[in-house]
Amino acid sequence: MDYSSYPRHDVLCIDMRSFYASVECTRRGLDPTKALLAVVGDPNRSGSIVLAASPALKKKHGISNVSRFFELPKDPDIVIAQAHMGDYLEVSVEITKMMMSYVPPEAIHVYSVDELWVTIDGLEKLYGSPADIARMIQDNIRDQFGIECVIGIGDNKFLAKVVMDIHAKKAANGIAECRYEDVQKLLWPTPIEDIWGIGSRMMRNLNRLGIVRLGQLAEYPLKYMKKHYGIIGEQLHWHAWGVDLSPVLGDFTKSEQKGYGHGVTLLRDYTGEELPTVILDLCEEACRRARRDKQAGRTVHLSVSYSSEGGGGFSRSMSMDLPTNITMDMYHLCMRLFRTFYDGESKIRRTSVTLTNLDEDIATQLTLFDDRPKKKDVGIVMDEIRDKYGSTAILRASSFTDAGITPERSKKIGGHFA
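Counting in UniProt numbering, the sequence shown runs from 1 upward without gaps.
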């Protein structure tokens, strides 16, 4: 492969180790590298998920981020911490601000609450090599926040991310570097399921083609990858060679909105009679966001998952002639889907709604017997009240029933207590 025509940058991918657990350890004056601490979504529920485990807890008891609260061993040294999402977001923002002391905002791409890319082109004269800069950032994050991090270095985002996942997390100093010329040696032996961007479904598809390692993916003919998987197949081929043309500088906070959706995993099994209340609350949230962005959608999607006792469920969509962001319009369409596809008996444990097929909400088409303008005005007034006085300042009466979810959800961030 001739890489001479491809861009070369100095990109760091920085991942905070056991971020939630590290923040909780720091709050308690504990050493994040030695303490046995588990962050649990809701300690009052035995089935609540373990959101994060400290490195020592992972090593001693094999706890992972998919374990459940009841699976934790009866070890008196284990500290149980309830998740505080607001605190984690605050620390994440402060770490991002710290990065701005080295590079401008357009050189920072926040990927998640505990991971980000930083492009450090041109900093060699100030701080030394990319590896020197990575060590400096590690030291500063440790000194200021008490958090350990691992860092991958590459010519682009993909290389920085993958070498961080595959090698930096195992390195003694938590730093690994991969340039174009290193791809065959460092990345090709890696099983494809360990490569960022390849999920379980794509892994199975590739396995059926005899592809189990990244090197085999790179050597598989491009024309057949495109034939099998289209543009995704082409992207996978180039990634296998270490090529990634995604921008490393720019405003990464803006992205095209594809839809407005909300979903919830219910705290108990719901009956078919109770679920309409949940659906209404979710439609209210989705349409509120759409109105805020002056968007309206023509297609409504409803997904319902039954409880683990019976399993199953359905996921269906329906479109309307006119785009809308009126809560009751979306709700009525969801209910048509629910009445059509619900089996009438199964208990329900998860549901979600989505408004898609978007268009600008620039006008309301009138008909002779339509009260859409009044409905939109009501929604706008409710939005203004919530924006000023809080999300629970005005709610529908159904939200206060046993089946309502909005009052409880308002206390949470990302499904967990703030």
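Where is the CB? At the ideal position from N, CA and C, for every residue including glycine. Note that the coordinates shown come from a computational prediction; the quantities given were computed from them, not determined experimentally.
Residue environment: residue 161 is assigned as buried (16 or more neighbouring CB atoms within 10 Å of its CB, all protein chains considered). Remark: three or more beta-carbon pairs, one from each stretch, lie closer than 8 Å, so the region 347-357 and the region 287-302 are flagged as touching. Per DSSP, residue 195 has no beta-bridge partner at all.
The beta carbon of residue 3 lies closer than 6 Å to those of 180 in the same chain, with the five residues before and after it left out. Spatial neighbours of residue 275 in its own chain (CB-CB distance under 6 Å, excluding positions within 5 residues in sequence) are listed in chain order as 348.
Going by DSSP, residue 139 is part of the alpha helix (DSSP H) stretching over 130-145. The beta-carbon distance between residue 69 and residue 54, rounded to whole angstroms, is 15 Å. This is too long to meet the 8 Å contact definition.
In terms of CA proximity to residue 121, 130 leads the group 113, 293, 130. Just measuring C-alpha positions, the residue of 108, 358, 40, 94 sitting nearest residue 81 is 40. It is roughly 24 Å from the alpha-carbon of residue 208 to the alpha-carbon of residue 186. Take the alpha-carbon of residue 325 and the one of residue 360: they are about 10 Å apart. In the assembly as shown, residue 119 is a buried residue. Its beta-carbon has 16 or more other beta-carbons within 10 Å.
For residue 323, the enclosing beta strand (DSSP E) has its first and last residue at 313-324. Nearest to residue 132 by alpha-carbon distance, out of 221, 159, 280, 176, is 176. Inter-segment contact for the region 279-292 and the region 315-334 is present: three or more beta-carbon pairs are separated by less than 8 Å. Burial state of residue 341 is exposed, judged by a 10 Å Cβ sphere holding fewer than 16 other Cβ atoms.
Residue 79 holds the alpha-carbon nearest to the alpha-carbon of residue 30 among 74, 79, 194. C-alpha of residue 215 to C-alpha of residue 241: approximately 8 Å in a straight line. The continuous beta strand (DSSP E) containing residue 355 extends over residues 348-360.
In this structure, residue 211 places its C-beta atom within 8 Å of the C-beta atom of residue 220. In the three-state reduction of the DSSP assignment, residue 190 falls in the coil class.
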